[in-house]
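A.B. asks: Take this structure first; my questions come after.
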Amino acid sequence: MRKYVDLKVWCLKSNNEGLKNIVRLGNEMGFWAIGLACHPDGLDRVQKMTNALISEGHRVFTSIEVKLQTPQSIKTLSKLLKKKIFLSITPLTLEMARKAVKLGASSIVLPVDRKKLIFDSVCAKELAKQEGAIEIHLVDLLRSDRRKLLRALKMIRLEVKIARKYGIPVIVSSGATKTIELLDPIVMASLAETLLGIPREAALNSISDYPYSIIKKEGLI
Numbered sequence: 000m001r002k003y004v005d006l007k008v009w010c011l012k013s014n015n016e017g018l019k020n021i022v023r024l025g026n027e028m029g030f031w032a033i034g035l036a037c038h039p040d041g042l043d044r045v046q047k048m049t050n051a052l053i054s055e056g057h058r059v060f061t062s063i064e065v066k067l068q069t070p071q072s073i074k075t076l077s078k079l080l081k082k083k084i085f086l087s088i089t090p091l092t093l094e095m096a097r098k099a100v101k102l103g104a105s106s107i108v109l110p111v112d113r114k115k116l117i118f119d120s121v122c123a124k125e126l127a128k129q130e131g132a133i134e135i136h137l138v139d140l141l142r143s144d145r146r147k148l149l150r151a152l153k154m155i156r157l158e159v160k161i162a163r164k165y166g167i168p169v170i171v172s173s174g175a176t177k178t179i180e181l182l183d184p185i186v187m188a189s190l191a192e193t194l195l196g197i198p199r200e201a202a203l204n205s206i207s208d209y210p211y212s213i214i215k216k217e218g219l220i
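FYI, numbering that gives the first Met the number 0 numbers position 17 of the sequence shown as 16, with every residue one higher than the one before it.
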């Protein structure tokens, strides 16, 4: 039986009770584990809420996402790499992506709102050595207007194709910021298959086998 994992459910303003409701709903939808996500400045708050939920028997973990736009951002990453969290890097330029793939993060997030490719064969070769993955937030795609969506899909589909050529796992997370944005695992797989142009089996693996193997390897569950 597949173990479905949503790596990114954002905890922007949620309190403990709100997070419990989100986690319960995620479990009812069929998720085996859920990543409670934030940016670095929210780490302490989210880590406390994660620990509280774990103590109550919920299968959750802390998921941190760092935007990498300047070399200074790398200093923040060096500290986070030592922590027991799922760490993602979102590079905003190709130059930063080529640095990001060498840092040993859990995943490289392909952002939606951009005008240029940020992941090429140079990135893919290095990320394959690091045994990393690429990640796409479905809610970011679904929120986009038609023009932005078509532009984003053109780039992301090419980047996904490059990643798959080098055997890099393609992971899909919801990126939900509120309960109404949570997506059923099978719906997520169908969207991944349709929007990203990947085979059905790969789409199912993108929300189960691939993320599960990473969080298990990193001791997050």
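Each residue gets a CB set at the ideal place from its N, CA and C atoms; glycine is no exception.
In this structure, does DSSP put GLU64 in helix, strand or coil?
C.D. replies: strand
A.B. asks: Specify the secondary structure class of PRO90 as computed by DSSP and reduced to three states.
C.D. replies: Residue state, collapsed to three classes: strand.
A.B. asks: Could you check whether LEU195 and VAL159 sit closer than 8 angstroms to each other, using their CB atoms as the reference points?
C.D. replies: yes
A.B. asks: Can you look up CYS233 in the DSSP assignment and give me helix, strand or coil?
C.D. replies: In the structure displayed, the chain extends from 0 to 220; residue 233 sits before or after that span and is not available.
A.B. asks: Among the residues of its own chain, which have a CB less than 7 angstroms from the CB of ILE33, if the five just before and after it don't count?
C.D. replies: The answer, listed in chain order, is ASP5, VAL8, VAL22, GLY25 and VAL59.
A.B. asks: Alpha carbons only, please: which of LYS114, GLY166 and ALA175 is nearest the one belonging to HIS136?
C.D. replies: For HIS136, the nearest C-alpha among the options comes from ALA175.
A.B. asks: Tell me the start and end of each unbroken alpha helix (DSSP H) in the region 102 to 184 that is at least 4 residues and wholly inside, in chain order.
C.D. replies: 120 to 129, 137 to 142 and 145 to 164
A.B. asks: Kindly indicate which three-state DSSP category VAL59 falls into: helix, strand or coil?
C.D. replies: strand
A.B. asks: With respect to the alpha helix (DSSP H) encompassing LYS83, which residues constitute its N-terminal and C-terminal limits?
C.D. replies: From DSSP, LYS83 is part of no alpha helix (DSSP H); its letter is neither H nor E.
A.B. asks: Once you ignore the five residues that flank TYR209 on each side, which residues in its own chain have a CB closer than 8 angstroms to its CB?
C.D. replies: ALA132, PRO168, VAL169 and ILE170
A.B. asks: I'd like to check one pair, LEU79 with PRO39: are the Cβ atoms closer than 8 angstroms?
C.D. replies: Yes.
A.B. asks: From the DSSP output, in three-state form, read off VAL8 for me.
C.D. replies: strand
A.B. asks: Run the CB neighbour count on SER283, radius 10 Å, all protein chains shown included, and call it buried at 16 or more, exposed below.
C.D. replies: With the chain represented from 0 up to 220, any question about residue 283 goes unanswered, as that position is not in the structure.
A.B. asks: Would you call the region 89 to 108 in contact with the region 54 to 69, where contact means no fewer than 3 C-beta pairs closer than 8 angstroms?
C.D. replies: yes
A.B. asks: Nearest to ILE220 by alpha carbon, out of LEU140, LEU181, GLU200 and ASN50?
C.D. replies: The candidate whose alpha carbon is nearest that of ILE220 is ASN50.
A.B. asks: Closer than 8 angstroms is the cut-off here; do at least three beta carbon pairs connect the region 142 to 152 with the region 107 to 122?
C.D. replies: yes
A.B. asks: Rounding to the nearest angstrom, what Cα-Cα distance links GLU130 and LEU102 in this structure?
C.D. replies: 11 angstroms
A.B. asks: Return the CA-CA distance between ALA48 and ARG1, expressed in angstroms with no decimal places.
C.D. replies: What sits at residue 48 in the sequence shown is Met, not Ala. MET48 and ARG1: Cα-Cα distance of roughly 27 angstroms.
A.B. asks: Spatial neighbours of LEU86 within its chain, please: CB distance less than 6 angstroms, with the 5 preceding and 5 following residues excluded, ordered by chain position.
C.D. replies: ILE63, LEU79, ALA104 and SER105
A.B. asks: What are the start and end residues of the alpha helix (DSSP H) that includes ARG1?
C.D. replies: No alpha helix (DSSP H) holds ARG1; DSSP gives it neither H nor E.
A.B. asks: Assuming contact is defined by CB atoms lying nearer than 8 angstroms, are ASP42 and CYS10 in contact in what I supplied?
C.D. replies: Per the sequence shown, the amino acid found at residue 42 is Leu instead of Asp. No, Cβ-Cβ distance for LEU42 and CYS10 is not below 8 angstroms.
A.B. asks: Report all residues from its chain with a CB closer than 6 angstroms to the CB of ASP139; omit the five preceding and five following residues, and keep chain order.
C.D. replies: VAL111 and GLY174
A.B. asks: Among ASN15, LYS81, SER120 and SER77, which one has its Cα closest to the Cα of GLU55?
C.D. replies: ASN15
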